[in-house]
Amino acid sequence: MKREKLEGRDEGGTQYLSQSEVDKKMQSVKADVKSDYRNRLIAELYETEKLTQTEIADAVGLTQSTVNKILKNR
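Below, the structure written as structure tokens:
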């Protein structure tokens with residue numbers, strides 16, 4: 007039973023994730039959260055603070071065209 011759990015399965019058919027799979031998923035979730043936060047910040051700077059796309063791009067280290075794509079996808 008212990009071996010099955012270590013290998014990612016048990017008698018009840020439950021699937022477990024390996025630590026490396028958990029780590030990969032956590033990295034992906036963290037990247038998504040960071041990206042979402044950045045995109046909300048960009049939209050807020052553009053809409054509320056009335057900064058230009060170029061000013062925002064310079065501030066966050068992106069190109070103006072990337073900022074434009076982010077704003078269009080919101």
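My numbering numbers the first residue of the sequence shown as 7 and each following residue consecutively.
C-beta: ideal position from N, C-alpha, C; glycine also.
Enclosing alpha helix (DSSP H) for residue i [first to last residue]
i             : result
leucine 51    : 25-53
threonine 60  : 59-66
asparagine 74 : 70-78
Check whether residue i and residue j have beta carbons under 8 Å apart
i             : j             : result
threonine 69  : alanine 63    : yes
isoleucine 48 : valine 28     : no
glutamine 59  : asparagine 45 : no
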